[in-house]
Every structure is written in C-alpha cells, then in structure tokens.
Amino acid sequence: MLGIPSFVSGSLGGFFSIFFLFVLTVFFLIYGGELVRNCLVSWLPDDRGLYVLGVLRRNFNSYIFNQLVLTVVLITALTPALMLLGAPFPILSGFAIGLMGFIPFGAILAILVVSILFMFKSFWLGLRVFSVLILVDQVIENILPPRLLGKLTGLNPIVILFSVMVGATLADFYGVITAVPIAATIKALFLVPTPLATTGSGTNPDIPADGMEMGASS
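If you read the sequence shown in my numbering, its first letter stands for residue 26, the second for the next number, and so on.
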C-alpha cells in the first residue's frame, strides 16, 4: 500500500510525458517544418515538393481534428459511466482517460492504469470499471475514428488500421503518430498525374492552397 502514491505519480507523469511528446512532435511536423519543406523542394522536381508538403500538412490537420473529436466524445461518455459505477474522482478520471485518447491506444492504457488503481480500494470495483470502460471505449473507437478519418483522409478503415500497425512496427511511438497522415499523403501522390501539369501562369491547379501559400511566404 505504501507504493500506491509513487505508482500514481509515476503513472500520471508518464501520461503527461507521452502527451507532451505527442503534441510537440505534431506541432513541429506541421508548423516547424522549414527543413522538411526545403528538403522536399530540393529533392522533388517541379512543384512536387510543395504539393507533397501541402497534402501532408492538410492530412496532419485532419488527423489532429479527428483526435480532438475523439477526446471530447470519450470524456463525455466515460465520465457519466464512472459516476454510475460509483468510482472515486469520476470527473478527474474521465478527463484523464479522454485526454490520453488523443494519443493512439492511449485510452486503453489509461483505462488499465485507472482500473488497477481502483482495485486497491475494491477489486470488484476496479474490475467493473475496466469491463465497462473498455466496452464503451471500443464501441467509440471502432465507430468514430475509422469513419471520421476515412472521410477526412479518404482512407479505408482497414488501410488505417494496417498503416498504424506498420508504423508501430517500423518506428514505434513515432510511427503510430505519423502512420495515418503519411498513408493519406502517399495515396494522394498516386492520384496525381505524372508529370504535374502547369498552367500558363506557372502554377499547378492540383497543388493545395496551403502548399502554394507556404511557397509564396518563403
């Protein structure tokens, strides 16, 4: 029992460390990618570099929007469930689990940790919390993200799942973060005519507006 406070503090510290790392990584990829932009422009011919960067940026924005929606839905659904189960600190626990839902597979990890903590008070309470929250989480995560991500990125839910698995295998945590946006970008590249046609004004109508704006601002 004496190890409970250190276990709780260590778990919370790990949660916020992972969350901070996730936000920092995504922020850099979207808004601090000057080095990435220069590399793409120099490596790829014509306007391909700007096109790739524009599509990648748009897909990351869509991915972040999806995760924010998922976070709000998880908090809204799990907090009342915790209240009905009679769990201590239901609002704090629901918010923490929902916040971890912003990270791929983070909600499941958070539910597991919270359930273990509740087991120190009552084994059956922890077991009920784990069973109910996992059920609610899986219903939400198997309905909302595939449909929303598929609509925003144009990817099939099976492709999304496969991309996350490949990303996790190749690059662990960073692969999970970047798997879906990169997969959507690769799909967009295959749909672009080769070579990219340019208009009389020297601009490519297929290049996303944000990519052109970035090129103009540089």
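Think of the CB as a built atom: it goes at the ideal place given N, C-alpha and C, for glycine as much as any other residue.
Per-residue burial, residue i [other beta carbons within 10 Å of its own, 16 or more giving buried]
i, result
"Asp162", "buried"
"Leu78", "buried"
"Pro206", "buried"
"Val164", "exposed"
"Ala112", "buried"
"Ile168", "exposed"
Expected contact under 8 Å - CB spacing of residue i and residue j to nearest Å
i, j, result
"Thr101", "Pro115", "Not quite, the Cβ-Cβ distance comes to about 13 Å (not below 8 Å), so this is no contact."
"Phe155", "Ser140", "4 Å"
"Val157", "Leu117", "17 Å between Cβ atoms; not a contact."
"Phe143", "Leu150", "5 Å"
From the options, residue whose alpha carbon lies closest to that of residue i
i, options, result
"Val94", "Ile128, Leu81, Leu186 and Ala106", "Ile128"
"Leu160", "Ile185, Ala132, Gly200 and Ala112", "Ala132"
"Glu166", "Phe148, Leu152, Ile185 and Leu81", "Ile185"
Assigned secondary structure, residue i (DSSP; H/G/I helix, E/B strand, else coil)
i, result
"Lys212", "helix"
"Ala135", "helix"
"Pro220", "In this prediction, Pro220 has a pLDDT of 47, which is less than 50 and means its spatial position is unreliable; nothing more can be read from the coordinates."
"Ile128", "coil"
"Phe120", "helix"
"Gly111", "coil"
"Phe145", "coil"
Under 8 Å: do the stretch 181–200 and the stretch 102–122 share three or more Cβ pairs, one atom per stretch?
no
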